[in-house]
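Undergrad: First the structure, then my questions, so here it is.
Residue numbers (our numbering): 30 to 997.
Here it is in structure tokens:
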């Protein structure tokens with residue numbers, strides 16, 4: 030070592046003690062080691078991105094305010110508590126104050142009170158729990174070694190102890206216990222994570238003062254400066270922020286309630302514009318996810334699909350059937366999208382999957398109350414029924430061989446269980462519970478959740494044909510565009526306690542003892558808020574009486590519950606919501622997603638009991654629109670309190686939305702030309718047009734976002750919310766139709782002012798004298814007006830590129846021609862025409878070349894189908910529809926074959942290129958009967974078209990009936 034280096038080393042050694050004594054850097058000074066529990070979801074846990082949870086969010090906020098940098102040390106409670114006592118940690122989180130701990134640590138104020146509650150399954154409601162004595166004779170689930178366990182034992186309760194809180198939730202949902210006692214936030218979190226909406230709290234656990242546990246931060250006794258910083262930061266936290274953070278973790282698993290703005294790239298927008306209707310496979314017996322009831326398919330998946338269609342502007346054609354049929358059609362390419370499907374490696378060859386939109390637990394149902402299913406070996410020796418083609422079928426057959434018995438439909442599988450033909454059936458929890466109720470089966474018990482190697486829960490996704498894989502990111506964006514609260518509302522509607530179908534007996538509401546006690550406490554009288562200005566949905570007449578569809582439903586609720594209602598009148602929607610929030614009324618009977626509820630996070634609402642379309646109105650000369658994108662920057666009015674205002678701004682940022690005070694103002698501005706259009710509900714705007722006697726404004730388009738009516742209550746009043754949800758569930762379709770018909774009817778009352786009669790008679794003579802002179806002039810003006818209106822109507826129903834009819838023209842004429850064929854017993858022809866490999870034309874020659882091809886093809890279609898009664902429609906992109914009344918199958922096939930040959934032989938000149946096209950045609954030709962459904966012709970033709978595609982394209986394929994197709 031050279032002497033300069035020796036001098037530097039000696040100098041450093043001499044100065045080291047002095048350097049160590051210097052103050053640490055600001056960052057090091059402010060770093061505080063703090064212990065948090067690793068497995069205490071949703072308060073604290075260790076996730077993929079590190080520590081997470083409600084308590085971690087609180088600590089991060091406290092650190093941000095105080096300038097403290099927390100160094101999280103994660104472990105079990107026992108380990109981190111011991112480390113803190115040894116002085117290895119500066120602070121400890123989630124500590125409760127106890128007198129024996131005061132000398133060991135310095136406590137901050139509490140930032141959270143963890144309530145201990147009783148939970149039940151609303152499908153098997155618990156009757157009363159005001160004291161521990163009320164729980165005697167019930168099976169009560171509780172955590173092993175919990176601090177209040179001895180209190181429960183001393184009360185003589187029948188306790189069933191569990192090691193983990195998720196096990197308690199599962200036991201309650203399976204019916205193994207009647208109630209569970211535990212932390213409200215934690216139990217609610219795990220219930221939501223498992224999709225068990227019917228598992229609900231019924232009230233605090235009566236533990237004699239032990240039911241609330243305070244959460245604080247503890248610091249070492251000597252760190253008084255740190256304690257002061259943390260105490261000051263906690264004191265400054267906004268109570269609303271604390272409540273929102275708790276709700277975010279308890280109800281939504283930590284997901285942000287702010288969804289990203291739904292935006293498409295220019296390429297995606299072009300893709301969607303060119304995309305024709307999509308055939309979507311939906312199971313008819315998979316309630317409550319998708320099922321057929323009263324001739325309509327509905328359920329959780331159907332609601333999510335509808336929301337995706339709203340966001341993207343895509344159009345769906347439901348194809349309803351059994352799983353085994355649908356999956357085969359999907360593999361053959363006859364269905365574009367398959368719903369309720371799981372991602373399996375074997376399916377990836379013919380499927381492109383979206384992200385999951387729902388998870389379901391697969392459980393075993395048995396007649397034996399003692400059978401428990403905890404591992405796959407428990408299946409040995411049992412005859413086990415399962416749905417044919419289900420995702421775990423191969424794994425189940427590997428375990429059971431011939432004892433695994435496949436069923437094509439769910440109903441017959443559960444009947445086989447009741448008849449003893451199988452010992453156990455496997456099904457999704459909610460679907461199995463539905464079939465038990467639907468079939469009236471008794472003594473059916475849940476044995477447990479299916480465990481087959483890695484198969485535990487089923488992930489439900491949408492699967493798309495590989496040819497349409499460009500739609501996958503669009504559908505994923507749309508799924509992400511559904512907010513957590515919106516998804517929760519859909520889940521509550523379909524996964525709550527016993528949803529109603531038309532086959533269920535309507536009219537009964539079974540209340541728990543707690544709910545009855547609540548109504549007794551309210552003297553069987555509830556106050557509701559309403560204002561005058563939303564007829565025919567909700568309003569108040571000149572006599573101060575409640576009226577409208579909401580009033581009809583409220584009277585139904587009063588009869589169901591045996592209660593009186595009292596009106597609290599407000600001046601606006603905003604005032605109604607504020608009054609509800611302030612406790613001046615108990616509920617709003619006509620709340621809607623269009624009433625500004627999203628601005629009041631402490632208000633909740635029931636499942637909707639009424640839905641109505643949202644429309645665009647314009648002046649009578651304005652053309653019809655088929656998509657909001659056609660409006661570009663035209664000024665469109667919308668009321669300030671209309672909740673869809675914000676949704677429209679997010680989903681359609683190019684819309685020039687102009688807030689107005691009310692509908693009357695908006696319609697007047699449309700009439701004067703200040704606004705191009707006005708967005709509102711069909712029912713209320715129709716009423717307003719009638720009241721204002723405006724004859725020059727009409728509906729010019731549909732907004733793809735329906736408005737719904739529900740009952741709003743404050744979120745803290747869960748008992749009343751549960752009561753109102755039961756009332757909504759009890760309402761039958763006939764009752765709701767009767768309410769709607771009563772208030773959607775137009776009531777006119779004539780009033781004659783006889784003081785004007787003589788004045789009118791005197792003026793009549795003058796008018797008669799001038800009538801003849803004006804008559805000729807008026808006839809000429811009327812002829813011009815009729816010609817202008819006819820031209821406007823033609824333009825609104827015409828595709829601008831091809832000159833053919835568009836979807837508006839289709840809607841105007843399709844049913845009319847079908848009814849004509851029905852009355853005259855004439856065969857009805859529907860043909861779907863699609864250009865083969867049209868995407869290649871756009872890709873190779875550009876969209877201008879594609880447009881030229883579409884125009885030439887349109888002219889060819891028009892020349893081949895120009896008889897009276899022939900209709901040619903551009904349905905979307907490169908897809909066209911022909912519908913006509915024809916004489917025979919031979920005539921129809923010959924005309925379509927001539928069309929195909931003409932297109933195949935037709936050169937298309939574009940600039941210096943000569944292009945050639947071929948088309949595939951699928952058609953359905955049947956004579957309608959009284960029970961026939963017009964859309965079945967369209968669906969059968971569509972399926973025949975895809976048969977033509979799969980057989981090699983450039984051909985004509987006939988559907989043999991409205992349900993079965995075959996090649997000609």
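Virtual Cβ for every residue (Gly too), placed ideally from N, Cα, C.
Give the single residue among 564, 599, 376, 415 whose Cα lies nearest to the Cα of residue 491.
TA: Nearest of 564, 599, 376, 415 to residue 491, Cα basis: 376.
Undergrad: In three-state DSSP terms, what is residue 547?
TA: The answer is helix: DSSP assigns residue 547 an H, G or I state.
Undergrad: Alpha carbons only, please: which of 90, 521, 394, 282 is nearest the one belonging to residue 271?
TA: The option with the nearest alpha carbon to residue 271 is 90.
Undergrad: Provide the residue span of the beta strand (DSSP E) that contains residue 490, from first to last.
TA: Where residue 490 is concerned, the enclosing beta strand (DSSP E) stretches over 486 to 493.
Undergrad: Can you list, in chain order, the residues of its chain whose CB lies under 8 Å from that of residue 796, leaving out five sequence neighbours each side?
TA: Bear in mind that a pLDDT of 49 at residue 796, under 50, signals an unreliable position, so the model cannot answer this.
Undergrad: Considering Cα atoms alone, identify which of 905, 883, 702, 913 is closest to residue 897.
TA: For the residues 905, 883, 702, 913, the minimum Cα distance to residue 897 belongs to 913.
Undergrad: Using only CA atoms, which one of 390, 479, 442, 558 lies nearest to residue 488?
TA: The residue with the shortest Cα to Cα distance from residue 488 is 390.
Undergrad: Would the region 162 to 172 and the region 250 to 267 be scored as touching if the rule is three or more Cβ pairs under 8 Å?
TA: No contact exists between the region 162 to 172 and the region 250 to 267.
Undergrad: Can the beta-carbon of residue 476 be found less than 8 Å from the beta-carbon of residue 395?
TA: Cβ distance < 8 Å, so residue 476 and residue 395 count as in contact.
Undergrad: By how many angstroms is the C-alpha of residue 296 removed from the C-alpha of residue 869?
TA: C-alpha separation (whole angstroms): 15 Å.
Undergrad: Taking the Cβ atom as the reference point for each residue, do residue 210 and residue 149 lie within a distance shorter than 8 Å?
TA: No. Outside cutoff.
Undergrad: Run the CB neighbour count on residue 502, radius 10 Å, all protein chains shown included, and call it buried at 16 or more, exposed below.
TA: With fewer than 16 other Cβ atoms within 10 Å, it is exposed.
Undergrad: Of all the options 308, 872, 196, which has the alpha carbon lying nearest to the alpha carbon of residue 356?
TA: Nearest C-alpha to residue 356: 308.
Undergrad: Are there 16 or more other CB atoms within 10 angstroms of the CB of residue 837, so buried, or fewer, so exposed?
TA: Per the 10 Å Cβ criterion, buried.
Undergrad: Under 8 Å between the Cβ atoms of residue 709 and residue 644?
TA: Going by C-beta atoms, residue 709 is nearer than 8 Å to residue 644.
Undergrad: Just reading off the alpha helix (DSSP H) that residue 919 is part of, what are its end residues?
TA: Segment 918 to 933, the alpha helix (DSSP H) holding residue 919.
Undergrad: Just list the beta strand (DSSP E) runs in the region 419 to 486, keeping only unbroken ones of 3 residues or longer that don't cross its boundaries, in chain order.
TA: Complete beta strand (DSSP E) runs here, min 3: 433 to 436, 453 to 457, 474 to 478.
Undergrad: How do the region 710 to 720 and the region 563 to 572 stand: do at least 3 beta-carbon pairs fall below 8 Å, yes or no?
TA: These segments touch.
Undergrad: Taking the C-alpha atoms as reference points, what is the distance between residue 237 and residue 185?
TA: Those two C-alpha atoms are separated by around 15 Å.
Undergrad: Tell me whether residue 179 is buried or exposed, calling it buried when 16 or more other Cβ atoms sit within 10 Å of its Cβ.
TA: By the 10 Å Cβ count, residue 179 comes out exposed.
Undergrad: If you follow the alpha helix (DSSP H) that residue 843 is part of, which residue opens it and which one closes it?
TA: Element bounds for residue 843: 836 to 853.
Undergrad: Give the DSSP-derived three-state secondary structure of residue 173 in the structure shown.
TA: In this structure, residue 173 counts as coil in the three-state DSSP scheme.
Undergrad: Do you know offhand how far residue 106's Cα is from residue 122's?
TA: Rounded to whole angstroms, residue 106 to residue 122 spans 10 Å at the Cα level.
Undergrad: Where residue 892 and residue 901 are concerned, what is the direct C-alpha to C-alpha distance, given to the nearest angstrom?
TA: Roughly 10 Å between the two C-alpha positions.
Undergrad: Have a look at residue 736 and residue 685 and give me their C-alpha separation to the nearest angstrom.
TA: Rounded to whole angstroms, residue 736 to residue 685 spans 21 Å at the Cα level.
Undergrad: Name the DSSP beta bridge partners of residue 367, please?
TA: For residue 367, which the question treats as bridged, DSSP gives the partners 310, 492.
Undergrad: Leaving out five residues on either side along the sequence, give the residues of the same chain with a beta carbon under 7 Å from the beta carbon of residue 973.
TA: Around residue 973: 951, 952, 953, 986, 987, 988, 994.
Undergrad: So, for residue 433: in the same chain, excluding its five sequence neighbours on each side, which residues have a beta-carbon less than 7 Å away from its beta-carbon?
TA: Same-chain partners within the cutoff: 413, 415, 425, 426.
Undergrad: Express the C-alpha separation of residue 316 and residue 334 in angstroms, rounding to a whole number.
TA: So the two alpha carbons sit approximately 15 Å from each other.
Undergrad: Look at the Cβ atom of residue 749, then the Cβ atom of residue 421, and state whether they are nearer than 8 Å.
TA: It is not a contact, given that the beta carbons lie outside the stated cut-off.
Undergrad: In the DSSP output, what is residue 135 paired with across the bridge?
TA: According to DSSP, residue 135 bridges with 248.
Undergrad: For residue 978, which residues in the same chain have their Cβ closer than 7 Å to its Cβ, ignoring the five residues on either side in sequence?
TA: If we look at residue 978 and ignore the five residues flanking it on each side, its Cβ neighbours are 362, 949.
Undergrad: Could you please give the first and the last residue of the uninterrupted beta strand (DSSP E) stretch that includes residue 971?
TA: Run containing residue 971: none in the beta strand (DSSP E); it sits in the alpha helix (DSSP H), 963 to 979.
Undergrad: By how many angstroms is the C-alpha of residue 658 removed from the C-alpha of residue 827?
TA: In a straight line, the C-alpha of residue 827 is about 17 Å away from that of residue 658.
Undergrad: Nearest to residue 910 by CA position, among 842, 541, 878, is which residue?
TA: Among 842, 541, 878, the Cα nearest to that of residue 910 belongs to 842.
Undergrad: Can the beta-carbon of residue 834 be found less than 8 Å from the beta-carbon of residue 887?
TA: It is not a contact, given that the beta carbons lie outside the stated cut-off.
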